[in-house]
Amino acid sequence: MSTLVNSKAWQALLKHYPSVKDQHMRQWFETDPRREQRFNVSAAGWYLDYSKNRITDETLELLLDLARQAGVESLRDRMFGGDKINHTEERAVLHTALRNFSGKPVMAGGQDVMPMVSAERRRLRDFSEAVRGGKWRGYGGQQITDIVNIGIGGSDLGPHMVCDALQPYAQRGLKTHFVSNVDGYHIHHILESCRPETTLFIISSKTFSTQETLNNARAARAWFLENGGPEGSIDKHFVAVTSNNKLAAEFGISPAAQFSMWDWVGGRYSLWSAIGLPIAISIGMDRFEELLRGAHAMDEHFRTAPLKSNMPVILALLGVWYNNFFGYESFAILPYIQQLELLPNYLQQTDMESNGKRIDREGREVDYETGPILWGGVGTNAQHAFFQLLHQGTKIIPSDFIIARQGHGPYSQQQRMLVANAVAQMETLMTGKTAAEARREMSALPAGRQEFLAPYKEFAGNKPSNALLTEKLTPETLGALIALYEHKVFVQGAVWNINSYDQWGVEYGKQVAQTVLQALESGTAGGPVSSSTRSLVERLK
Ligand code: F6P
Numbered sequence: 233m234s235t236l237v238n239s240k241a242w243q244a245l246l247k248h249y250p251s252v253k254d255q256h257m258r259q260w261f262e263t264d265p266r267r268e269q270r271f272n273v274s275a276a277g278w279y280l281d282y283s284k285n286r287i288t289d290e291t292l293e294l295l296l297d298l299a300r301q302a303g304v305e306s307l308r309d310r311m312f313g314g315d316k317i318n319h320t321e322e323r324a325v326l327h328t329a330l331r332n333f334s335g336k337p338v339m340a341g342g343q344d345v346m347p348m349v350s351a352e353r354r355r356l357r358d359f360s361e362a363v364r365g366g367k368w369r370g371y372g373g374q375q376i377t378d379i380v381n382i383g384i385g386g387s388d389l390g391p392h393m394v395c396d397a398l399q400p401y402a403q404r405g406l407k408t409h410f411v412s413n414v415d416g417y418h419i420h421h422i423l424e425s426c427r428p429e430t431t432l433f434i435i436s437s438k439t440f441s442t443q444e445t446l447n448n449a450r451a452a453r454a455w456f457l458e459n460g461g462p463e464g465s466i467d468k469h470f471v472a473v474t475s476n477n478k479l480a481a482e483f484g485i486s487p488a489a490q491f492s493m494w495d496w497v498g499g500r501y502s503l504w505s506a507i508g509l510p511i512a513i514s515i516g517m518d519r520f521e522e523l524l525r526g527a528h529a530m531d532e533h534f535r536t537a538p539l540k541s542n543m544p545v546i547l548a549l550l551g552v553w554y555n556n557f558f559g560y561e562s563f564a565i566l567p568y569i570q571q572l573e574l575l576p577n578y579l580q581q582t583d584m585e586s587n588g589k590r591i592d593r594e595g596r597e598v599d600y601e602t603g604p605i606l607w608g609g610v611g612t613n614a615q616h617a618f619f620q621l622l623h624q625g626t627k628i629i630p631s632d633f634i635i636a637r638q639g640h641g642p643y644s645q646q647q648r649m650l651v652a653n654a655v656a657q658m659e660t661l662m663t664g665k666t667a668a669e670a671r672r673e674m675s676a677l678p679a680g681r682q683e684f685l686a687p688y689k690e691f692a693g694n695k696p697s698n699a700l701l702t703e704k705l706t707p708e709t710l711g712a713l714i715a716l717y718e719h720k721v722f723v724q725g726a727v728w729n730i731n732s733y734d735q736w737g738v739e740y741g742k743q744v745a746q747t748v749l750q751a752l753e754s755g756t757a758g759g760p761v762s763s764s765t766r767s768l769v770e771r772l773k
């Protein structure tokens, strides 16, 4: 048995679980109407109501004991302090330095990283202002109208999600596009609407060795040259964001057109760095800094608030409670804000690439569940797609409802309807509907019909959900929301004693893809593949 499962705090939760598992939240709210006032926390422009969870005051205390026992606070301080907590790659984890406005130094490997961070931020400002203001022009002297970001994973999802989310703040006449998939139709389709003389490509790749990105970048360069772009003007139309300046230069991007990031920024935590360049160009550097400030406010909350009123800690512990004690395997993110349509995809990488691990920090296989399956969709569309399963399916899927009081749309009635739907879904998930209530609703029907339909119309309820509320989705509140989930993932990784900052599984996938590509192109694989793969390759050749 692992040290974690054997531990005092874990065993106490196991012992406590039977006393909670069959209790219904509906009864708790009936006997304790003030429940919501105990289970809420505010931070950085967000209000979390977590009263609709299957917890008692004792559960919360026991979960907090688990966090203390796991050393969440000391690992957190080590992360902010620049220790190499990514021990398998021997790297510090310092995305928080990219949004550090405290004026204090942040040390990594004995060096204060803040001067480099500020210098790169100044370069981002100069460049984004030049593009937005028309000082940076295409080869024919025309203003840039289209930004095409080429990247994948963290070099795509973060800036893409944020650009969509902050679309109401985007500069008119300047479109941002995101090419990630190596499926040639992706880039082809986007380039169909662009003109070489007014298009700026950003090649975003921390390693500058990702197959998909490099192939798309080559396709973009070929398109540019074939459609009249002069060879000598590549520097006006192609810039790179990378920590591998050598490979970017070999690709043909001059040092002056390269923006830097560092090995202490993980790909999925990199939107705060120069990887955020499309965001800075789209909404302007001032707004980009508001996003960073919002994240910094959440960092400060996470760093300083006591565990019991610490929003990321609370969210993380609730997740552990369901994942490890109730055995609920998945988790849904349900933003009731149209611009956050990509948030579930983005958080899939944050969460599943970080905590999809089965070896603990000491190199032992774990005997408990780690990262959940994260998925979701935007409300109200999701209600008409998968909510049926949430309400009446056999699986229980805890969820986060993300709601802004004010929308960006001009129709206040629609905003009220949107918010009403979110609240109604949470209410129904929690209360359910008894057979007696179902029968009452059908009083106009014959008794036999009522009896027949009642089981179909009954809802068990008792389905957990969190409400995350903000006044309005702004750069600042969005920054805080993203940082909230980053820290939630951190806390869960700390409790499960895994390294949330490597991704060996994905790296290996990249390696095998090279072998198979070689087999497809030349007929002989560059490494061993199974007979199953050989026959697939034969069929596809
Ligand atoms: O998806 C795996 C991954 O390694 C991510 O962590 C990273 O964000 C992505 O590939 C892209 O890598 P790069 O920025 O080096 O091209």
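Residue numbering for the sequence shown follows my numbering, starting at 233 and increasing by one per position. Think of the CB as a built atom: it goes at the ideal place given N, C-alpha and C, for glycine as much as any other residue.
May I have the straight-line CA-CA distance separating residue i from residue j, to the nearest angstrom?
| i | j | result |
| --- | --- | --- |
| LEU547 | VAL363 | 40 Å |
| LEU503 | ASP264 | 43 Å |
| ASN501 | ASN413 | Just to set this straight, residue 501 is Tyr in the shown sequence, not Asn. About 20 Å. |
| GLN735 | GLU321 | 10 Å |
| TRP496 | GLN490 | 18 Å |
| PRO642 | THR582 | 32 Å |
| ARG357 | HIS528 | 19 Å |
| SER486 | ASP344 | 27 Å |
| ASN272 | ILE629 | 21 Å |
| GLN580 | ALA679 | 48 Å |
| SER475 | TYR717 | 25 Å |
| HIS420 | VAL325 | 36 Å |
| PRO538 | VAL721 | 18 Å |
| HIS319 | GLU739 | 16 Å |
| LYS695 | SER283 | 12 Å |
| ASP599 | VAL237 | 8 Å |
| PRO604 | ILE730 | 14 Å |
| ASN542 | THR235 | 26 Å |
| THR660 | HIS623 | 8 Å |
| GLY366 | GLN375 | 5 Å |
| THR439 | TRP260 | 52 Å |
When you measure from the CB of residue i to every non-hydrogen atom of ligand 1, does any distance come out below 7 Å?
| i | result |
| --- | --- |
| LYS438 | yes |
| GLU321 | no |
| ILE730 | no |
| THR445 | yes |
| VAL776 | The structure shown does not extend to residue 776, since the chain is modelled only from 233 through 773, so no value can be given for it. |
| ARG500 | yes |
| THR582 | no |
| GLU585 | yes |
| GLN490 | no |
| GLY386 | yes |
| THR442 | yes |
| GLY383 | yes |
| GLN735 | yes |
Going by DSSP, what residue range makes up the beta strand (DSSP E) through residue i?
| i | result |
| --- | --- |
| GLN570 | Per DSSP, GLN570 belongs to no beta strand (DSSP E) and is neither H nor E. |
| LEU432 | 431 to 436 |
| THR474 | 470 to 474 |
| ALA489 | From DSSP, ALA489 is part of no beta strand (DSSP E); its letter is neither H nor E. |
First and last residue of the alpha helix (DSSP H) that includes residue i?
| i | result |
| --- | --- |
| HIS735 | The question names His, yet the displayed sequence has Gln at residue 735. Here GLN735 belongs to no alpha helix (DSSP H), and DSSP marks it neither H nor E. |
| ILE634 | First-last for ILE634: 631 to 638, but that is the beta strand (DSSP E), not the alpha helix (DSSP H). |
| ASP289 | 289 to 301 |
| THR377 | From DSSP, THR377 is part of no alpha helix (DSSP H); its letter is neither H nor E. |
| HIS623 | 619 to 624 |
Could you pull out every residue in the same chain whose Cβ sits closer than 6 Å to the Cβ of residue i, ignoring the five residues on either side in sequence?
| i | result |
| --- | --- |
| THR612 | ASN653 |
| ILE634 | PRO567 and LEU700 |
| LYS407 | ASP378 |
| ARG331 | TRP504, LEU524, ALA527 and HIS528 |
| GLY175 | This structure gives no information on residue 175, because the portion of the chain shown stretches from 233 to 773. |
I'd like the list of long-range same chain contacts for residue i, defined as Cβ closer than 8 Å, with 5 residues on each side in sequence excluded.
| i | result |
| --- | --- |
| LEU710 | VAL394, ALA397, LEU398, LEU523 and GLY526 |
| ARG300 | ALA241 and LEU539 |
| SER764 | none |
| GLU703 | GLY277, ALA636, ARG637, GLN638 and THR709 |
Excluding the five sequence neighbours on either side, which residues of its own chain have a C-beta within less than 7 Å of the C-beta of residue i, listed in chain order?
| i | result |
| --- | --- |
| ILE422 | VAL380, HIS409 and VAL411 |
| VAL473 | ILE434, SER436, PHE491, MET493, ALA506, ILE507 and LEU509 |
| PHE456 | PRO428 and HIS469 |
| MET257 | LYS284, ARG286, MET662 and ASN694 |
Consider the Cβ of residue i: report whether some Cβ of chain C lies at a distance smaller than 8 Å.
| i | result |
| --- | --- |
| LEU650 | In the displayed structure, chain C is absent; only one protein chain is listed. |
Are at least three pairs of beta-carbons, each pair with one atom in the stretch 442 to 457 and one in the stretch 466 to 477, less than 8 Å apart?
-> yes
Okay, do the stretch 559 to 566 and the stretch 599 to 613 touch, 3+ Cβ pairs below 8 Å being the bar?
-> yes
Counting pairs of Cβ atoms below 8 Å between the stretch 276 to 290 and the stretch 241 to 255, do you hit three or more?
-> yes
Should the stretch 326 to 346 be called in touch with the stretch 476 to 485, which here means at least 3 C-beta pairs below 8 Å?
-> no
Given 8 Å as the limit, is there contact between the stretch 675 to 690 and the stretch 549 to 557, that is, 3 or more CB pairs closer than that?
-> no
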